[in-house]
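In this note's numbering, the protein residues as written are 78 to 514.
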């Protein structure tokens, strides 16, 4: 698999970087943290704001990754992540949170295309791009394992004070600077002159043309729309996991003697000692589910080899959407639904991104991958607003089920009207030779 001991070390340093971007400290308590002072509708507005700003920022930040270098873009992402986390410690209120969501959106858009573009080009230059799905998927698994451990700690820290998980996250995520500096630049950026110009860089007008050429036409068009819908549904649904736990599993926890605050998820978020116990329980639950879901990323390459790209990216989203609907009638089905929700994206994303990388040229790769994320956020924005209002009018469980049903209808339409991930010749990297053989 690897060509030298130094190559093995490079992959290990990539895994170390993936560990440092885990946000497990805040994940199991973040929605509860917001619900201390906000309503579901306000949380939905924040989520929509984040998605909308991501739409605006994806192409420019992808261009930054292609223009300045993928590693430089990733370093900026770490900076904005840390600043955003610090803001949650120092400020509160809807308007402040909106500003911090904007910083968070900027940090993720700086990373969304550049991380995979860096890895694919590095594997092409130094190793074997056919290993992209394997290494990328295992990077997802490392990130999830790290998150699982920190989730339990985050639940404990929240019980001491709601801001403590954010303080821990600031210190841990700051390690991303060191891990990134240990990684090499892609050769086209390491070799170019100090003027920052190179013959293989795209100007903004060329960038728009390249995006249309690759993403708005077969073989990528139907795939990108299908997974964009899927990622949008998963992203919005994840916001409601914590209140959904209170709604579906709260009665069972009470039956075995675990105190759950009465009055629904918002009351639970604002509770004192009982809220601390709930936060610890959520930390443990998230840790277990994340550890289980890490198998998705770890075995992404194996699933791709056995099922093929098309079957994997079509079937996994459908099964996940069904799992989101079932807890509306069977409360205990919420646990496997949570596990499926957290596993699905880490399984699908390495396979889908590997297929996309195979069908684009190296020039503009970060921008193109950012455009895929932009579509995800574009679809997510109205879903987030509608979900927030629906959750206030009904329940979080009903909202998640509605999102699953929506994907089954719209995703099914995309599958019927367009060919998702057809088998065609690759155009880049070592995988081209694999496809042609």
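Glycine is no exception: its CB is placed at the ideal position from the N, C-alpha and C atoms.
In whole angstroms, give me the CA-to-CA distance for residue 312 and residue 259. Whole-angstrom Cα-Cα distance: 31 angstroms.
Closest by CA to residue 297, which one among 163, 497 and 389? 497
Determine contact between the stretch 314-327 and the stretch 408-421, defined as no fewer than three beta-carbon pairs at a distance below 8 angstroms. Taking 8 angstroms as the limit for Cβ pairs, the verdict is that the stretch 408-421 does touch the stretch 314-327.
Return yes when the Cβ of residue 364 is within less than 9 angstroms of the Cβ of residue 226, no when it is not. A contact, by the Cβ cut-off of 9 angstroms.
Take residue 254 as the anchor and find which of 421, 93 and 478 has the nearest alpha-carbon. 93
Count the other CB atoms, across all protein chains shown, that sit within 10 Å of the CB of residue 274; report buried if there are 16 or more and exposed otherwise. At residue 274 the pLDDT is 46, less than 50, meaning the model places this residue with poor confidence and gives no usable figure here.
Determine the direct distance from the alpha carbon of residue 116 to that of residue 470, and round the result to whole angstroms. 11 angstroms
By how many angstroms is the C-alpha of residue 120 removed from the C-alpha of residue 228? 21 angstroms
Contact set for residue 449: own chain, Cβ-Cβ below 6 angstroms, skip 5 residues either direction: 301, listed in sequence order.
Does the Cβ-Cβ distance between residue 89 and residue 261 come in under 9 angstroms? Inclusion of residue 89 and residue 261 in the CB contact set at 9 angstroms is not warranted, their separation being larger than that value.
Return yes when the Cβ of residue 417 is within less than 9 angstroms of the Cβ of residue 392, no when it is not. Going by C-beta atoms, residue 392 is not nearer than 9 angstroms to residue 417.
Residue 133 versus 198, 431 and 458, residue with shortest Cα-Cα distance: Of the candidates 198, 431 and 458, the one whose C-alpha sits nearest the C-alpha of residue 133 is 458.
Where does residue 113 sit, in a helix, a strand or coil, going by DSSP? coil
Burial state of residue 500 (16 or more Cβ within 10 Å): Exposed, by the Cβ-count rule.
Under 9 angstroms, do residue 422 and residue 308 count as touching if we go by C-beta distance? yes
Taking 8 angstroms as the cut-off, does the stretch 93-111 touch the stretch 430-437 (at least 3 CB pairs, one atom from each stretch)? In the pairwise beta carbon analysis, the stretch 430-437 is classified as not touching the stretch 93-111: fewer than three pairs are separated by under 8 angstroms.
Could you tell me whether the stretch 158-165 touches the stretch 238-250, where touching means 3 or more Cβ pairs closer than 8 angstroms? yes
Measure the Cβ-Cβ separation of residue 380 and residue 368 and say whether it is below 9 angstroms. no
Neighbourhood of residue 86 by C-beta, 6 angstroms cutoff - its chain only, sequence neighbours within 5 removed: Within the same chain, no Cβ atom closer than 6 angstroms to the Cβ of residue 86 is found once the five residues on either side in sequence are excluded.
May I ask you to report which of helix, strand or coil DSSP gives residue 500? coil
Would you kindly work out how many angstroms separate the C-alpha atoms of residue 123 and residue 178, rounded to a whole number? Whole-angstrom Cα-Cα distance: 7 angstroms.
Measuring straight from C-alpha to C-alpha, what distance separates residue 110 and residue 154? 23 angstroms
Identity of the residue in 419, 492 and 397 nearest residue 482 by Cα: 397
Using alpha carbons as the reference points, say which of 235, 150 and 127 lies closest to residue 113. 235
Locate the alpha helix (DSSP H) running through residue 181, then write down its first and last residues. 171-189
Taking the C-alpha atoms as reference points, what is the distance between residue 159 and residue 95? 15 angstroms
Between the CA atoms of residue 180 and residue 403 - distance to the nearest angstrom: 35 angstroms
Give the secondary structure of residue 406 by DSSP, where H, G and I count as helix, E and B as strand, and everything else as coil. The answer is coil: DSSP assigns residue 406 none of H, G, I, E or B.
For residue 188, does the count of other Cβ atoms within 10 angstroms reach 16, so buried, or fall short, so exposed? buried
CA-CA distance, residue 171 and residue 250? Looking at the two C-alpha atoms, the distance is approximately 24 angstroms.
Could you pull the start and end residues of the alpha helix (DSSP H) that residue 426 belongs to? 411-435
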